[in-house]
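Visitor: Take the sequence shown: its position 42, counting from 1, is numbered 42 in the numbering used here, and each next residue is one higher. Where is the CB? At the ideal position from N, CA and C, for every residue including glycine.
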Amino acid sequence: MFEHLGDANSIWVAASTGYKAGDRVELLINDRVSGYTVRGVYPDSNGNESAIVMDIATAQQALSRYGRVDRILLKVPASPSLEDWQQRLRAVLPAGVEVRPQGTGTTGNRRMLAAFRWNLRLLSYISLVVGAS
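1. Where do the N-terminal and C-terminal ends of the alpha helix (DSSP H) with LEU89 fall, by residue?
2. Rounded to the nearest angstrom, how far is the Cβ of VAL38 from that of GLY22, given a contact under 8 Å?
3. To the nearest angstrom, how far is it from the Cα of GLY67 to the Cα of ALA114?
4. Can you tell me the Cα-Cα spacing of ARG129 and TRP118, whole angstroms?
5. Mapping DSSP to helix, strand and coil, what is GLY150?
6. Taking 8 Å as the limit between beta carbons, can you name the residues of its chain near MET54, skipping five residues before and five after?
7. Which of the three DSSP states, helix, strand or coil, is assigned to ALA14?
8. GLN102: which of ALA78, LEU74, PRO94 sits nearest, CA to CA?
9. What number of angstroms, rounded off, separates the C-alpha of TYR125 from the C-alpha of ARG110?
10. Which one of GLY96, THR17, MET112 has the shortest CA to CA distance from SER45?
11. For a quick check, are the C-beta atoms of ALA14 and ALA51 less than 8 Å apart?
12. Take ALA8 and list the residues in its own chain whose beta-carbon comes closer than 7 Å to its own, dropping the five residues that flank it on each side.
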């Protein structure tokens, strides 16, 4: 399955996408359409875990982001605990790399957006008071 891992046009897809090994797929990534060959299919839970997976070097080329990885999503077994997995990963990753559970960025974004809305509301009231004076 990983024989073509280093090939620049190899991808692996979720079974719910309906593609099979050997299929050619055109993907629109940013503003560019590129052709890829499906090298393997992995099972997903009725489309709930659907994704297209490619080698990091291929992804960097497709996204034009060389030398930088935004995130890597990992699915780990239930045992040992998530905290144990996080400790193991932190021990082997270089300084400056964060290990965060999925969705923590979303929570932070929601808090920041709520603070922005609160500040905007407060400034609106201040401008009403100043304008009425």
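Guide: So, from the data block:
1. 82-92
2. 7 Å
3. 34 Å
4. Before going on, a small fix: residue 129 reads as Val here, not Arg. If you take the alpha carbons of VAL129 and TRP118, they lie about 17 Å apart.
5. The chain is shown from 1 up to 133; residue 150 falls before or after that span and cannot be answered.
6. SER10, ILE11, TRP12, TYR36, ALA62
7. strand
8. LEU74
9. C-alpha of TYR125 to C-alpha of ARG110: approximately 23 Å in a straight line.
10. THR17
11. yes
12. THR58, GLN61
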